[in-house]
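Read through the structure below, which is laid out as structure tokens, and then see the notes.
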Amino acid sequence: MHVSNKYNVPCSRPRHLALVVAAVAALGSVTAAADTTVTVLRIESSSAEKRYYEEVVAAYEAEHPDVNVEFEYLANEAYKTRLPTMLQSSQRPDIYYTWGGEGLRDQVDAGFVRDLSEPMRDGWQDIYPESAVGAFTLDDRVYGAPLYATVVGIWANTALTEQAGVDVDAIKTWEDFENAVVALREEGITPLVVGGQDGWPLHFYWGSLVTRLAGGEGIEAAKNGENGGFEGEPFVRAGEMLQSLVELDPFQPGFMATSYERASGMFGDGEAAFHVMGDWDYLPSKQRSVSGEGVPDDDLLFVPFPEVEGGEGNTQSFGGMNGFAVTRDAPDEAVDFLRFLLNADNQRKAAATGIFVPVAEGSAEALETPYARRVAEILDESEFHQVFLDQALGTSVGATINDISGDLAQGVVTPEEAAARVEEAWQFR
Amino acid sequence: MTTLDRTAVPRRGNADRVKKGLVSGKFTALLILLPPALILFSLFVILPLADAVYYSGFSWNGYGAPSDFVGAQNYQRLLDHSVFHTALWNTAKLILVSLLIQMPLALGLALLVYRKTPTNTLFRLVFFLPYILAEVAAGLIWSFVFDGDYGITSSLLHAMGQESVYVLADHQWAFPAIMTVIVWKYFGFHMMIYIAALQGVPKDLVEAAKLEGAKPRQVALFVQIPLIKHAIVVSGFFAIIGSLQIFDIIIPMTNGGPSNSTHTIVTYLYSFGLSRLNIGFGSAAAVVLFVLAIGIAFFYQRTTGKGSKA
Chain A
30 MHVSNKYNVP CSRPRHLALV VAAVAALGSV TAAADTTVTV LRIESSSAEK RYYEEVVAAY
90 EAEHPDVNVE FEYLANEAYK TRLPTMLQSS QRPDIYYTWG GEGLRDQVDA GFVRDLSEPM
150 RDGWQDIYPE SAVGAFTLDD RVYGAPLYAT VVGIWANTAL TEQAGVDVDA IKTWEDFENA
210 VVALREEGIT PLVVGGQDGW PLHFYWGSLV TRLAGGEGIE AAKNGENGGF EGEPFVRAGE
270 MLQSLVELDP FQPGFMATSY ERASGMFGDG EAAFHVMGDW DYLPSKQRSV SGEGVPDDDL
330 LFVPFPEVEG GEGNTQSFGG MNGFAVTRDA PDEAVDFLRF LLNADNQRKA AATGIFVPVA
390 EGSAEALETP YARRVAEILD ESEFHQVFLD QALGTSVGAT INDISGDLAQ GVVTPEEAAA
450 RVEEAWQFR
Chain B
2 MTTLDRTAVP RRGNADRVKK GLVSGKFTAL LILLPPALIL FSLFVILPLA DAVYYSGFSW
62 NGYGAPSDFV GAQNYQRLLD HSVFHTALWN TAKLILVSLL IQMPLALGLA LLVYRKTPTN
122 TLFRLVFFLP YILAEVAAGL IWSFVFDGDY GITSSLLHAM GQESVYVLAD HQWAFPAIMT
182 VIVWKYFGFH MMIYIAALQG VPKDLVEAAK LEGAKPRQVA LFVQIPLIKH AIVVSGFFAI
242 IGSLQIFDII IPMTNGGPSN STHTIVTYLY SFGLSRLNIG FGSAAAVVLF VLAIGIAFFY
302 QRTTGKGSKA
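Protein chains in written order, with this note's numbering: chain A, 30 to 458; chain B, 2 to 311.
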């Protein structure tokens, strides 16, 4: 039709227009006729986790036939950059994945997030530990609900550490850790793998040290500009400690060109004794190894990050707190579904499938592996769970922290300069 | 003949011309054909540009409407930022490498393979292949080549009894590696421009020079290259503008690292503006990039334009 009429463009145009209008109208009426739809936006996750959501959704829809729940997934980076636009558009999801912290605060300040204080205080939040709810609480209002927590610790390959005469369970302090690194180097074993190219795996060192030294309160004080802000003593000290570790040549060669995925696989292949990483790396490191088996469970240990002398946060933990927030204009069904998704029963089911370490009290009992139970223990003993600094302090400051962690690991900045750059980024955020 | 025609047709006023236009349908054609282009251009070029200039005055993270007006602070921060200086210098290096290494290389190869023979066609195809590859794919391929554990470069070094070099993790070598890839990727494009131009050089001129006893080098230098000057000017323009826009090769190779040492202006504005949700700051970087591009393009057209007239 286009071709035969091409000399008659002005005549055929109104007909085209009518067609388009009709098509748009037809599409509109289809969506309007459907039941209430709740859309959930989440970061791309494992197929096991997607199956878990499918089961939860099926169970919920069976009870609520008029509600239709749809999960959508976006890759990590795409999610972070597209979320601000999506929240402002009519394509806004009803429920979306969040890390809490300053990122959530930006969204709350812009008025996109529904206040969940009322339903949460009406019995919902009682099933979670206080620190988990705290990650989504801003100025005494609750804007999200926790899904799972992650902890940064040390994955150790005891087959290698034993060769160097290192007792992993005896590593309690930073000195112990440094001594272990020296012993491994002398034995010709690479002490640590790290995915330096991605930035955030190196931030696990700086962030863990800052949490140990300053504690959650110290970090909060720095946000308010107290004690010299992020240029204060604990932040400079963290840089110094990281540099003293770097002087021992602890990482694999070319670590700044290694991605997290690659580092995870290298640890699985037994190329290094330690990997400072989140607890989630258990399965991925096996899957990314050449054999697909990774380090056998008999040789694999997960221990907490070492304590530091005189630190304020030695009884605290460092890791992620991931959950969901509800957008402002979402239907009440969205809140209802979220409450269902995150209830103790479903959390226990998640624990049983081993996809993550859920936060609801008592759900840890269902955990299958000793590693997951260890994580649950660490979280249980922890007095405060500091959320990853590259998330808790917002995107911009977070990216700066990842940068300076890499710079410190390569020895191209002094600890003072590094701390000053974090403070500058915080001022200009 | 033309003078005769001019005198034969009486001169008409503007009103007459409009009238004639209306009758002949030129005016209708204008009314129908101009708006689509004009609207698209305004919608996708002028409007975003104006928006970027507007946003660059705000400290804005992309949520809600921008409200925190900070004046020229974003520009101030940009000009004070050491990584931005590195990015500017890296972009300048790319322009220099494109003009001083890539274009002569392309010209030399074009002179070797411009004649239409089967072997030349094969060579042309081989030289042109990198240009056909998608940028991201090329970046990924080269990140494997430069890999210190499994890459070809490290295998070569091992064969020579040397230690592995992690090129892309090295402050000194990461950017030269990127420049190498960019020369490799785009020289084929410039070569094709020169080949097309060389094939248009009249054969009799080349033959006349040969009869006069000119050696091949002299033929190239004094006959062929002066005659394809217009093509060289155009390819130089593409090289400069292309260098200002380099982005998708760097992201998979180094992502701007190590320690932000391999950013260009575009990767800088992406990582410090978009990924960090500093939309105002990123817009300021974009405006600077735009002014630079326009400035250079204008300057280049002026200077080379004058040159060809003289």
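Think of the CB as a built atom: it goes at the ideal place given N, C-alpha and C, for glycine as much as any other residue.
The structure displayed is predicted, hence computed values, not measured ones.
To which residues of the same chain is Val207 of chain B closer than 8 Å at the C-beta, ignoring the five residues directly before and after it? Val220, Val224, Gln225
Three-state secondary structure assigned by DSSP to Asp17 of chain B: helix
For chain C, check one thing: does any of its Cβ atoms lie closer than 7 Å to the Cβ of Asn91 of chain B? In the structure shown, chain C cannot be found, because the protein chains are A and B.
CB contact below 7 Å: Tyr126 of chain A versus chain B: no
Whole-angstrom distance between Ile124 of chain A and Val364 of chain A, CA atom to CA atom: 8 Å
Can you check which of these residues, A:Ala188, A:Arg214, A:Trp128, is closest to Thr179 of chain A by C-alpha distance? A:Trp128
Chain A contact for Ser155 of chain B (CB, 7 Å cutoff): no
Give, in chain order, every residue of the stretch 433–453 of chain A whose Cβ lies closer than 7 Å to some Cβ of chain B. Gly435, Asp436, Gln439, Val441
If distances are taken between C-alpha atoms only, which option among B:Ile33, B:Pro37, B:Pro67 comes closest to Asn279 of chain B? B:Pro67
Starting from Ser119 of chain A, follow the alpha helix (DSSP H) in both directions and report where the run begins and ends. Premise fails: Ser119 of chain A is in no alpha helix (DSSP H) and is neither H nor E.
Residues of chain B with CB under 9 Å from Phe457 of chain A, in chain order? Ser60, Gln74, Arg78, Asn279, Phe282
What's the C-alpha gap between Glu260 of chain A and Gly244 of chain A? 15 Å
Sequence-distant residues of the same chain with beta carbon closer than 6 Å to Thr60 of chain A, five excluded per side: Because the pLDDT of Thr60 of chain A is 44, which lies under 50, any placement of that residue in the model is unreliable, and the question is left without a value.
Kindly indicate the opening and closing residues of the alpha helix (DSSP H) around Tyr1 of chain B. In the structure as shown, chain B starts at 2 and stops at 311, and residue 1 of chain B therefore has no counterpart that could be examined.
Using the three-state DSSP reduction, which class does Ser314 of chain A fall into: helix, strand or coil? helix
What is the rounded straight-line gap between the Cα of Leu422 of chain A and the Cα of Met270 of chain A? 22 Å
Compare the Cα-Cα distances from Phe331 of chain A to each of A:Thr398, A:Glu249, A:Asp278, A:Leu176 and report the closest residue. A:Thr398
Here's the rule: buried if 16 or more other CB atoms are within 10 angstroms of the residue's CB, otherwise exposed. What is Pro37 of chain B? exposed
Within 10 angstroms of its Cβ, does Pro217 of chain B collect 16 or more other Cβ (buried), or is it exposed? exposed
Helix, strand or coil: which one does DSSP assign to Tyr126 of chain A? strand
Spatial neighbours of Ser425 of chain A within its chain, please: C-beta separation below 8 Å, excluding the five flanking residues on both sides. Ala454, Phe457, Arg458
Would you mind giving the Cβ-Cβ distance between Ala215 of chain B and Lys186 of chain B, rounded to the nearest angstrom? I have them listed as a contact below 8 Å. Not confirmed; about 35 Å, so no contact.
Report back the beta-carbon spacing between Val197 of chain A and Thr190 of chain A to the nearest angstrom; my notes put them in contact at under 8 Å. 5 Å
Given that a residue counts as buried once 16 or more other Cβ atoms are within 10 Å of its Cβ, and exposed if not, what is Trp49 of chain B? The question names Trp, but residue 49 of chain B is Pro in the sequence shown. The residue in question, Pro49 of chain B, is exposed, as its Cβ has fewer than 16 Cβ neighbours within 10 Å.
For Ser260 of chain B, decide whether its Cβ has a neighbour in chain A, counting only Cβ atoms nearer than 7 Å. yes
What is the rounded straight-line gap between the Cα of Arg18 of chain B and the Cα of Ile102 of chain B? 53 Å
7 Å is my cut-off, CB to CB: does Leu424 of chain A come that close to chain B? For the record, residue 424 of chain A in the displayed sequence is Thr; it is not Leu. Yes, its Cβ sits closer than 7 Å to a Cβ of chain B.
So is Gly1 of chain B in contact with chain A if we call contact Cβ pairs under 7 Å? Not covered by the structure: residue 1 of chain B. The range shown for chain B is 2 to 311.
Please report the straight-line C-alpha distance between Ser434 of chain A and Ser260 of chain B, rounded to a whole angstrom. 9 Å
Drop a sphere of 10 angstroms on the beta-carbon of Leu56 of chain A, count the other beta-carbons inside from all chains shown, and report buried for 16 or more, exposed for fewer. Low per-residue confidence applies at Leu56 of chain A: pLDDT is 46, beneath 50, and the placement is therefore not dependable, though the value from the model is reported in the following sentence. It counts as exposed.
Is Lys117 of chain B near the ligand GDP, with its Cβ less than 6 Å from a heavy atom? The model on display carries no ligand, and the ligand GDP is accordingly not part of it.
Do you know offhand how far Val239 of chain A's Cα is from Glu262 of chain A's? 10 Å
If Ala170 of chain B sits next to Ala286 of chain A, beta carbons under 8 Å apart, how far is it from one beta carbon to the other, in whole angstroms? 4 Å
Any idea if Tyr55 of chain B is buried or exposed, counting beta-carbon neighbours within 10 angstroms, 16 or more meaning buried? exposed
Ser83 of chain B (DSSP reduced to helix, strand or coil): helix
Between which two residues does the beta strand (DSSP E) containing Gln415 of chain A stretch? 414–416
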